[in-house]
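Quick note on this note's numbering: the sequence shown kicks off at -3 and runs consecutively.
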Amino acid sequence: MKFFTSSAFSSDTEAATYNRIATRLIPFLLILYIISFLDRVNVGFAKLHMSADIGLSDVAFGTGAGIFFLGYALCEIPSNLLLQRFGARFWITRILVVWGAISVCMSLVTTPAAFLTLRFLLGVAEAGFYPGILLYLTYWFPMKLRSQVCSLFFVGVPLAGVLGGPISGMIMKSMNGVAGLVDWQWLFILEGTPAIIGGIATYFYLSDGPHDAAWLRQEERKIITGALEQEEEQRRAEGRGHRLADAIANRHVWLLALVNFTLLGSIYGVSFWLPQIVKDLGVKDVFLNGLTNTIPFAFASVAMILVGRSSDRRNERIGHITVSGIVGALGFLGSGTFMNSPVVALGCLSIALAGALSSITVLWVVPGALLRGAAAAGGIALMATIGNLGGYAAPYVLGVARQATSRVDSGLYVLAGAMLIGALLATLLPKAQVRADDTATNRENPSIY
């Protein structure tokens, strides 16, 4: 499978090496990320029938959807540091198996309190997966490829939406009453089990890094380690930190975290509530609801790949983050304004999600150029931790809006404002640029300055 064109490399051997690595890692990690996202947001479909069964209000649902991220945020940094300590293979396996088991246990909830408790524990269990995978990718790919690699990985979010909508709708429509369980119980069981299976597969499939990858040839291993060591030397020469304290003291890391807060909050706000929004737009059948949910995610999947490629091709990051964020903000503004026109509202939601996902794809390329070693692990985790607090706030805001007005219009306006703030904050970041000579023989290392 060819992920990268030969023009980006100094030799055909180098191009073949990175295409081979991408073919080995990206599809597998993409599947894991799809499973992860399904486990996070399937609660939006479960809500359609679960609320009445366990007495769950809109505000309680919004709180439960978001409280996942409080548990996630509390354990994010420790989990990422433990990944460095124990190795990616073992730690990602642990994350998958435990979160899969808790997700299956969600089928047993009978009260709002139990719902909130298990959602929090699910966040604790899954903490570190998302930034851990991003950190893991830095062990394999140099900066010049990371925007494309991240966009390929992040496409798991819209793909999960495209696949998850119909699958969730089909489960809820066809499994109700089977073995004495209702539809939403089967949803948690059948969408939690793949995480356990994926965890077991991870232990046998992944390597901790190029140094112990038996499937790599020695020449390929030298190409990878040589490129990464050269980047490491440049970071050291430019004074970019390698300790956790360097990440905490770096103002740009905190700025990245704030931008991530606005973007991630917007993404999860709409993802958790999309089934209910679609129902409010007039799609009552749960399977048709699932099919309709695929539209914004399908649109976003194309947009984020195109934006990621454009960012690498133009050697530019900040402008792509900013413009995509502004487009997303306009999409949320339009969706709130035209809620009485279902087709227009859905189109605007598609634009909003595409903007948010495209922006965050490029954003996650930036921290790897600022930091190294423990600082990279801690900085990425800190950025994700603050961002995940947005994942708590946004679903709650939409829940309050809907419970107060029976509509989510005002909540969508809040997301529009958050996206706009994030886009403006991104302009304060140092210019992220990958410098590459057109001859492909005299390239400088990627840098942020």
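All residues carry an ideal CB built from backbone N, CA and C; glycine is no exception. Here the structure is a predicted model, which is why all the values come from computation and not from measurement.
- prompt: In the structure shown, what three-state DSSP assignment does G58 receive?
  reply: helix
- prompt: Comparing alpha-carbon positions, which option in L425, R309, I322 lies nearest S3?
  reply: R309
field: Buried or exposed by the 16-neighbour rule on C-beta atoms within 10 Å, applied to M(-3)
entry: exposed
task: Could you name the residues of the same chain whose beta carbon sits closer than 6 Å to that of G60, not counting the 5 residues immediately before and after it, in chain order?
output: F111, L112, R115
- request: Just tell me which of L148, L44, A123, L26 has its CA closest to the CA of Y68.
  value: When L148, L44, A123, L26 are compared, the shortest CA-CA separation from Y68 is found for A123.
query: With F125 and I88 assumed to form a contact (beta carbons below 8 Å), what rounded beta-carbon distance in angstroms separates them?
result: Beta-carbon to beta-carbon, F125 and I88 are separated by about 7 Å, close enough to satisfy the 8 Å threshold.
task: Using the Cα positions of S307 and A397, report the straight-line distance between them to the nearest angstrom.
output: In this model, S307 and A397 are separated by some 36 Å (Cα to Cα).
message: Starting from S406, trace the alpha helix (DSSP H) in both directions and tell me its first and last residue.
response: 405 to 422 is the extent of the alpha helix (DSSP H) around S406.
query: Does DSSP put F149 in a helix, in a strand, or in coil?
result: In the structure shown, F149 sits in a helix (DSSP, three-state: H, G or I).
E229 classed as buried or exposed, judged by whether at least 16 other C-beta atoms fall within 10 angstroms: exposed
query: Quick one: complete alpha helix (DSSP H) runs, 4+ long, within the stretch 143 to 196?
result: At a cut-off of 4 residues, the continuous stretches assigned as alpha helix (DSSP H) that sit fully inside the stretch 143 to 196 are 152 to 170.
task: Buried or exposed for T210, please, with buried defined as at least 16 other CB atoms from any protein chain shown within 10 angstroms of its CB.
output: First, the residue type needs correcting, since residue 210 is Ala and not Thr in the sequence shown. So A210 counts as exposed.
query: Which two residues bound the contiguous alpha helix (DSSP H) that contains E122?
result: 108 to 122
- prompt: Which residue's Cα is closest to the Cα of L421: V279, L224, V153, S320?
  reply: S320
- prompt: In chain order, what residues of the same chain have a beta carbon less than 6 Å from the beta carbon of G332, not counting five sequence neighbours either side?
  reply: D405, L408, Y409
message: Need the endpoints of the alpha helix (DSSP H) that T288 sits in, please.
response: 282 to 309
field: Cα-Cα separation between G374 and G205, rounded to whole angstroms
entry: 19 Å
query: Skipping 5 residues on each side, what residues in its chain have a beta carbon closer than 6 Å to that of G330?
result: Close CB contacts of G330 within its chain, under the 6 Å cut and outside five residues either way in sequence, are with C344 (chain order).
query: Taking L326 as the reference, which of T189, G395, G413, A296 has the closest Cα?
result: Closest option to L326, judged by alpha-carbon separation, among T189, G395, G413, A296: G413.
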